[in-house]
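J.:
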Amino acid sequence: MKNKKGLLLILAGLLITICVICEYALPSDATAKAYFVHVNTNGEKVQKNQFSGYKYTLKCYKKDGSSETRTFYSTNKLAKNKKFKIHVANNQLVSNYKQVKELPSTIQYYAEK
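Note that the UniProt record's numbering has the sequence shown beginning at 1, numbered continuously upward.
#1: With which residues is Ala34 paired in a DSSP beta bridge?
#2: Tell me the DSSP secondary structure of Leu96 in three-state form.
#3: I'd like the list of long-range same chain contacts for Asn42, defined as Cβ closer than 7 Å, with 5 residues on each side in sequence excluded.
#4: Out of Leu9, Val39, Ser66, which has the shortest C-alpha to C-alpha gap to Ser74?
#5: Considering Cα atoms alone, identify which of Phe72, Ser105, Tyr97, Leu78 is closest to Asn90.
#6: Distance check for Lys77 and Tyr97, CA to CA, integer angstroms please.
#7: Taking the Cβ atom as the reference point for each residue, do Cys19 and Val37 lie within a distance shorter than 8 Å?
#8: The alpha helix (DSSP H) that contains Gly6, what's its start and end?
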């Protein structure tokens, strides 16, 4: 009887550990698409429903070097003349961003063309 309880407790602990890893260790923006952008505008101040932030329409580069012009919204103002890696969710809202010093070499090659 003690062996069965011990085995059940170990399995329950393992299940909880797996859930915690999946929830917190994996990126929360896994459904968002990653882009690299060079912000060359101040962004347009936007107040919509319950959203207050900035609207940007910029050329966004994927990691493979392909690009597309996208409109996205950010709750925080992105610094002008800086480069960022952004994660844009399906609702066009930036879920995460990080300033980078340079664009990756594949992207820089296509951006200069």
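No residue lacks a Cβ here, since even glycine has one placed at the ideal position from N, Cα and C.
T.: In short:
#1: Here residue 34 is taken as the residue at index 34 of the sequence shown, counted from 1. DSSP, once it has assigned bridges, lists His87 as partnering Ala34.
#2: Working through the sequence shown from its first residue, we reach residue 96 at position 96. Leu is not the amino acid found at residue 96; the sequence shown has Asn there. In this structure, Asn96 counts as strand in the three-state DSSP scheme.
#3: Counted from its first residue, the sequence shown places residue 42 at position 42. Lys80.
#4: As a working note, residue 74 is residue 74 in the sequence shown. With distances taken between Cα atoms, Ser74 lies closest to Val39.
#5: Translated into the one-based positions of the sequence shown, residue 90 becomes position 90. Answer by Cα proximity: Phe72.
#6: If you number the sequence shown from 1, residue 97 lands on position 97. If you number the sequence shown from 1, residue 77 lands on position 77. Tyr97 and Lys77: Cα-Cα distance of roughly 11 Å.
#7: Translated into positions along the sequence shown, residue 19 becomes position 19. Translated into positions along the sequence shown, residue 37 becomes position 37. Their beta carbons are not under 8 Å apart, which means Cys19 does not touch Val37 by this criterion.
#8: By 1-based counting over the sequence shown, the position of residue 6 is 6. Where Gly6 is concerned, the enclosing alpha helix (DSSP H) stretches over 2-20.
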